[in-house]
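Numbering (this note's numbering), first residue to last: 1 to 107. In this text, a Cβ means the ideal position worked out from N, Cα and C, and glycines have one as well. None of these values were measured; they are calculated from a predicted model.
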């Protein structure tokens with residue numbers, strides 16, 4: 001068994017390399033766009049599943065944000081559509097959305 005000695009460092013300074021992060025495409029941008037589209041669909045068509053999906057994509061876009069390529073307006077708008085879609089679907093009135101053909105009564 002070898003004992004650990006605090007002054008002996010097994011690393012060699014000459015072979016150390018500085019870590020450099022690879023440049024990737026903006027995955028956060030795709031999440032933000034999908035969040036915005038799902039939020040608009042859920043808000044306008046009153047689909048609860050679309051608004052929950054928008055919230056998941058909005059949180060994913062926040063988690064994958066890069067500080068040097070941030071579009072705050074798009075992130076805020078996608079989050080607001082997701083949150084307001086949930087508020088309107090759960091706390092809004094019980095009005096159903098109109099169909100494309102409208103409601104015709106035979107009166």
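- Query: Could you give the uninterrupted runs of the alpha helix (DSSP H) lying entirely in the segment 7-76, keeping only those of 4 residues or more?
  - Reply: Secondary structure remark: continuous alpha helix (DSSP H) runs of at least 4 residues inside the segment 7-76, in chain order: 27-45, 48-63.
- Task: Go ahead and pull the three-state DSSP assignment for residue 92.
- Result: Looking at residue 92 - three-state DSSP - the assignment turns out to be coil, as it is neither helix nor strand.
- Residues in its own chain within less than 7 Å of residue 81 by CB, not counting five upstream and five downstream? Closer than 7 Å at Cβ, skipping near neighbours: 36, 39, 40, 43, 54.
- Query: Exposed or buried, residue 50, counting other C-beta atoms within 10 Å across all chains shown (16 or more means buried)?
  - Reply: Classified as buried, residue 50 has 16 or more neighbouring CB atoms from the shown chains inside 10 Å of its CB.
- Task: Have a look at residue 18 and residue 11 and give me their C-alpha separation to the nearest angstrom.
- Result: Cα-Cα distance, rounded: 14 Å.
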